[in-house]
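Novice: Pasting in a structure now, in structure tokens, and then I'll have a few things to ask.
Protein chains: 2
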Amino acid sequence: MYLCSVMGRNVEFDEAAAIQKAMEVFWKKGYNGASLRDLTDAMQINSSSLYNTIGDKQELFVRCVQHYTDLRRQDWDKRLNSNKSPFETLVEYIHEAVGVIINGEDSCMAVKSAFEVATNDQRVKDILIADNDRAYQFLHDLIRNAIKMGEIKTDEDPALLADYFNSTWTGWYESYILHKDPIKIKRMADYFIKQLTK
Amino acid sequence: MYLCSVMGRNVEFDEAAAIQKAMEVFWKKGYNGASLRDLTDAMQINSSSLYNTIGDKQELFVRCVQHYTDLRRQDWDKRLNSNKSPFETLVEYIHEAVGVIINGEDSCMAVKSAFEVATNDQRVKDILIADNDRAYQFLHDLIRNAIKMGEIKTDEDPALLADYFNSTWTGWYESYILHKDPIKIKRMADYFIKQLTK
DNA sequence: TTTTTTTTGAAACAAATGTTTCAGAATTGA
DNA sequence: TCAATTCTGAAACATTTGTTTCAAAAAAAA
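Protein sequence lines correspond, in order, to chains A and B. Under my numbering, residues 69 to 266 are what the first sequence spells out, in order. Under my numbering, residues 69 to 266 are what the second sequence spells out, in order.
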């Protein structure tokens with residue numbers, strides 16, 4: 069991708085940090101709502117540097133979405149490799165995820181991007197599909213293992229339950245944007261957990 | 069709002085038809101993605117006419133979202149006033165809604181708008197809240213009456229179930245944008261109905 | 001008809017958009 | 001050290017943006 073070939077000056081700015089900053093702008097304002105000035109201001113670089121190293125606005129957005137989903141992947145991996153039981157891990161995840169919805173101020177970038185640009189930009193769509201598949205895998209593994217270990221008793225297909233929760237999830241964000249009602253989200257989360265255990 | 073006071077020329081274009089056209093553009097491209105040229109081209113009016121009768125871009129968008137939610141309200145009213153039983157109405161609605169997700173090509177404008185602009189535009193947010201409340205009412209009425217008539221047996225709170233479905237709903241749109249898998253949506257819908265009946 | 005008021009169409013508006021240019025600064029290897 | 005190469009900053013680029021202007025057209029009331 070970037071070869072520090074033979075000679076010349078080195079890139080001055082921290083690319084990873086710049087992507088992080090750009091991601092925050094896109095996350096908040098959306099793809100069309102974020103201007104290049106917004107972005108370069110936050111990244112603290114000149115547009116010439118941006119176009120030299122990363123590329124145009126679309127390319128930058130792709131990188132930001134990729135970064136966003138990478139962070140999620142890391143979180144899921146960490147949780148899967150903990151020494152807690154599957155069901156414990158699942159419940160903890162759901163509760164923490166509710167916390168993210170309630171305390172976060174900008175909803176979920178993956179969801180926002182799916183609705184705003186996934187239909188127009190195939191590369192973004194592919195990244196979001198991969199992210200969604202990993203979310204599904206995460207839930208599916210936990211539910212399946214919880215059943216195997218007898219923590220959950222259900223005659224329902226774990227694949228269906230994973231799909232169902234994976235999508236249910238999105239609606240909680242919308243609900244919270246409109247109603248800003250933490251209790252409502254918590255009740256729905258509790259209901260979902262209850263469905264698993266009976 | 070508009071008084072055909074005493075004298076002068078009449079408005080030439082059909083405002084309702086123009087709003088409908090503008091709505092379709094916003095629906096497809098989003099608020100920031102739709103330019104005034106896009107809009108006036110579709111509406112087949114000059115921008116001076118737009119600014120004279122309706123107002124600026126924000127005002128136009130508000131009217132379009134209002135129009136979108138009006139159409140939904142009409143649909144719910146019609147269904148509530150049918151001579152079918154509550155449960156029958158509910159199941160029919162869910163199935164038709166699945167059909168809209170699967171066959172429609174632009175997801176749901178209310179959902180897209182919630183994620184793109186509800187956090188920035190209080191007027192849009194208020195319209196979407198009212199719409200969401202009506203959707204809740206619709207589901208709540210049907211579930212409550214179905215229980216009363218013995219069509220549904222559940223020890224769960226109808227209010228919770230209505231909330232739950234009302235938000236679940238949104239995730240099915242995202243799922244379909246990414247995976248374009250009709251079976252997946254149908255299975256989730258069937259699972260939801262099954263939850264109600266047992 | 002004439003007068004009065006309003007809408008329309010085309011053009012123009014300033015500001016903002018995404019992107020490129022290029023001279024000079026900086027860093028590397030020789 | 002010097003030559004070679006690359007990055008940076010500021011400015012400029014052509015478009016596109018949302019919005020306004022205004023003369024001409026149209027229609028209602030006098």
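Just so it is clear, CB atoms sit at the ideal spot from N, CA and C, and this is done for glycine as well.
Out of curiosity, what's the CA-to-CA distance linking R77 of chain A and I113 of chain A?
Specialist: Walking along the first sequence from the start, residue 77 of chain A turns up at place 9. Walking along the first sequence from the start, residue 113 of chain A turns up at place 45. Using only the alpha carbons, I get a separation of about 16 Å.
Novice: Which same chain residues, not among the five before or five after M111 of chain A, have their C-beta less than 6 Å away from its C-beta?
Specialist: As a first step, residue 111 of chain A must be located in the first sequence, where it is residue number 43. The residues are A86, K89, A90.
Novice: Taking the C-alpha atoms as reference points, what is the distance between A257 of chain A and V168 of chain B?
Specialist: For the purposes of this step, residue 257 of chain A is identified with residue 189 of the first sequence, where counting begins at 1. For the purposes of this step, residue 168 of chain B is identified with residue 100 of the second sequence, where counting begins at 1. Going from the Cα of A257 of chain A to the Cα of V168 of chain B covers about 27 Å.
Novice: What number of angstroms, rounded off, separates the C-alpha of K152 of chain B from the C-alpha of D225 of chain B?
Specialist: Looking up residue 152 of chain B in the second sequence gives position 84. Looking up residue 225 of chain B in the second sequence gives position 157. Computed Cα separation, rounded: 23 Å.
Novice: If I follow the unbroken alpha helix (DSSP H) through F81 of chain A, where does it start and stop?
Specialist: Counting from one through the first sequence, the residue named residue 81 of chain A turns up at place 13. Counting along the chain, F81 of chain A falls outside any alpha helix (DSSP H), and DSSP gives it neither H nor E.
Novice: Short of 7 Å Cβ to Cβ, which residues in the segment 155-187 of chain B face chain A?
Specialist: Answer in chain order: S175, V179, K180, A182, F183, E184, A186, T187.
Novice: Who are the Cβ neighbours of V130 of chain B in its own chain at under 8 Å, not counting the five residues just before and after it?
Specialist: The residue you call residue 130 of chain B lines up with position 62 of the second sequence. Contacts found: D189, R191, V192, I195.
Novice: Along chain A, in chain order, which residues have C-beta atoms closer than 7 Å to that of W240 of chain B?
Specialist: Residue numbering aside, residue 240 of chain B sits at position 172 when the second sequence is read from its first letter. Ordered by position in chain A, the residues that pass the 7 Å Cβ test against W240 of chain B are S235.
Novice: Measuring only between beta-carbons, confirm whether I197 of chain A sits less than 8 Å from chain B.
Specialist: Here residue 197 of chain A refers to the residue found at position 129 when the first sequence is read from its first residue. True, the Cβ-Cβ gap to chain B drops below 8 Å.
Novice: Taking all protein chains shown into account, do 16 or more other C-beta atoms lie within 10 angstroms of the C-beta of G123 of chain A, making it buried, or fewer, making it exposed?
Specialist: The residue labelled residue 123 of chain A in the question sits at position 55 within the first sequence. When all chains shown are included, G123 of chain A counts as exposed.
Novice: Please state whether DSSP places G167 of chain B in a helix, a strand or coil.
Specialist: Taking the first residue of the second sequence as 1, we reach residue 167 of chain B at position 99. If DSSP states are grouped into helix, strand and coil, G167 of chain B belongs with the helices.
Novice: Does the beta carbon of Y136 of chain A come closer than 8 Å to any beta carbon on chain B?
Specialist: Walking along the first sequence from the start, residue 136 of chain A turns up at place 68. Judged by the 8 Å Cβ criterion, Y136 of chain A is not in contact with chain B.
Novice: Which of the three DSSP states is assigned to C132 of chain A in this structure?
Specialist: As a working note, residue 132 of chain A is residue 64 in the first sequence. Looking at C132 of chain A - three-state DSSP - the assignment turns out to be helix.
Novice: Which residue marks the beginning of the alpha helix (DSSP H) containing D106 of chain A, and which one marks its end?
Specialist: Along the first sequence, one-based indexing puts residue 106 of chain A at 38. It spans 104-111 - the alpha helix (DSSP H) in which D106 of chain A sits, taken as one unbroken run.
Novice: Short of 7 Å in beta carbon distance, which residues of its chain neighbour A102 of chain B, apart from the five on each side in sequence? Order them along the chain.
Specialist: Residue mapping note: residue 102 of chain B aligns to position 34 of the second sequence, counting from 1. Contacts found: V93, F94.
Novice: For chain B, find out if any of its Cβ atoms is closer than 8 Å to the Cβ of S243 of chain A; answer yes or no.
Specialist: For the purposes of this step, residue 243 of chain A is taken as residue 175 along the first sequence, with counting starting at 1. For S243 of chain A, the answer is yes, since a Cβ of chain B falls inside 8 Å of its Cβ.
Novice: Does R268 of chain A have its Cβ less than 8 Å from a Cβ in chain B?
Specialist: The requested residue 268 of chain A is not part of the displayed model; chain A covers only 69 to 266.
Novice: Using CA coordinates, which residue listed in B:R105, B:M177, B:E173 is at the minimum distance from N200 of chain B?
Specialist: Translated into the one-based positions of the second sequence, residue 200 of chain B becomes position 132. The candidate whose alpha carbon is nearest that of N200 of chain B is B:M177.
Novice: Is there a Cβ of chain A sitting closer than 8 Å to that of N120 of chain B, yes or no?
Specialist: The sequence position of residue 120 of chain B within the second sequence is 52, counting from 1. No - not a single Cβ of chain A is within 8 Å of the one on N120 of chain B.
Novice: Pick helix, strand or coil for D174 of chain A, following the three-state DSSP scheme.
Specialist: By 1-based counting over the first sequence, the position of residue 174 of chain A is 106. D174 of chain A falls in the coil class under three-state DSSP.
Novice: So which residues on chain A does H247 of chain B lean against when the C-beta distance must stay under 8 Å?
Specialist: Here residue 247 of chain B refers to the residue found at position 179 when the second sequence is read from its first residue. Ordered by position in chain A, the residues that pass the 8 Å Cβ test against H247 of chain B are I197, N200.
Novice: Exposed or buried, which one is S181 of chain B when buried takes at least 16 other CB atoms within 10 Å?
Specialist: Start at 1 with the first residue of the second sequence, and residue 181 of chain B comes out as number 113. When all chains shown are included, S181 of chain B counts as buried.
Novice: Which value, in whole angstroms, describes the spacing of the CA atoms of L128 of chain B and W144 of chain B?
Specialist: Numbered from 1 along the second sequence, position 60 holds the residue referred to as residue 128 of chain B. Numbered from 1 along the second sequence, position 76 holds the residue referred to as residue 144 of chain B. Approximately 25 Å between the Cα atoms of the pair.
Novice: Between T121 of chain B and V79 of chain B, how many whole angstroms is the CB-CB distance? I'm expecting something under 8 Å.
Specialist: Translated into positions along the second sequence, residue 121 of chain B becomes position 53. Translated into positions along the second sequence, residue 79 of chain B becomes position 11. Between V79 of chain B and T121 of chain B the Cβ distance is about 6 Å, and since that is below 8 Å, they are a contact.
Novice: If you follow the alpha helix (DSSP H) that A198 of chain A is part of, which residue opens it and which one closes it?
Specialist: For this step, residue 198 of chain A is matched to residue 130 along the first sequence. That run of the alpha helix (DSSP H) goes 190-216.
Novice: Less than 6 Å between C-beta atoms, sequence neighbours within five positions excluded: which residues of the same chain meet that for Y70 of chain B?
Specialist: Position 2 of the second sequence, counted from the first residue, corresponds to residue 70 of chain B. For Y70 of chain B, the predicted model reports a pLDDT of 34, less than 50, meaning its position is unreliable; a value from the coordinates is still stated below. Closer than 6 Å at Cβ, skipping near neighbours: no residue.
Novice: Using the three-state DSSP reduction, which class does A186 of chain B fall into: helix, strand or coil?
Specialist: Indexing the second sequence from 1 puts residue 186 of chain B at position 118. Three-state DSSP puts A186 of chain B in coil, outside helix and strand.
Novice: Mark N171 of chain B as exposed unless 16 or more other C-beta atoms lie within 10 angstroms of its C-beta, in which case mark it buried.
Specialist: As a first step, residue 171 of chain B must be located in the second sequence, where it is residue number 103. Under this definition N171 of chain B is an exposed residue.
Novice: Going by alpha carbons, who is nearest to Q248 of chain B out of B:E173, B:E83, B:Y99?
Specialist: Taking the second sequence and counting its residues from 1, one reaches residue 248 of chain B at position 180. The sequence given here has Lys at residue 248 of chain B, not Gln. Comparing Cα-Cα distances from K248 of chain B to each of B:E173, B:E83, B:Y99, the minimum goes to B:E173.
Novice: Let me confirm a value: I251 of chain B is counted as buried when at least 16 other C-beta atoms fall within 10 Å, else exposed. Which label applies?
Specialist: One-based indexing of the second sequence puts residue 251 of chain B at position 183. Counting Cβ neighbours within 10 Å, I251 of chain B comes out exposed, since fewer than 16 surround it.
Novice: For the alpha helix (DSSP H) holding E242 of chain A, just list the boundary residues, first then last.
Specialist: Your numbering for residue 242 of chain A matches position 174 in the first sequence. Run containing E242 of chain A: 226-247, per the alpha helix (DSSP H) assignment.
Novice: So is N114 of chain B in contact with chain A if we call contact Cβ pairs under 8 Å?
Specialist: For the purposes of this step, residue 114 of chain B is identified with residue 46 of the second sequence, where counting begins at 1. No, N114 of chain B does not count as interfacial toward chain A.
Novice: Within this structure, are the beta carbons of L228 of chain A and Y259 of chain B separated by less than 8 Å?
Specialist: For the purposes of this step, residue 228 of chain A is taken as the residue at position 160 of the first sequence. For the purposes of this step, residue 259 of chain B is taken as the residue at position 191 of the second sequence. Their beta carbons are under 8 Å apart, which means L228 of chain A touches Y259 of chain B by this criterion.
Novice: Against chain B, with Cβ distances strictly below 8 Å, would G76 of chain A count as a contact?
Specialist: Numbered from 1 along the first sequence, position 8 holds the residue referred to as residue 76 of chain A. False, the Cβ-Cβ gap to chain B never drops below 8 Å.
Novice: Using only the alpha-carbon positions, how far apart do A165 of chain B and A214 of chain B sit?
Specialist: Here the question's residue 165 of chain B lines up with position 97 in the second sequence. Here the question's residue 214 of chain B lines up with position 146 in the second sequence. About 19 Å.
Novice: Can you tell me whether N234 of chain B is buried or exposed? The criterion is at least 16 other CB atoms within 10 Å of its CB, across all chains shown.
Specialist: What you label residue 234 of chain B is simply residue 166 of the second sequence in a count that begins at 1. Classification of N234 of chain B: buried, given that the 10 Å Cβ count is 16 or more.
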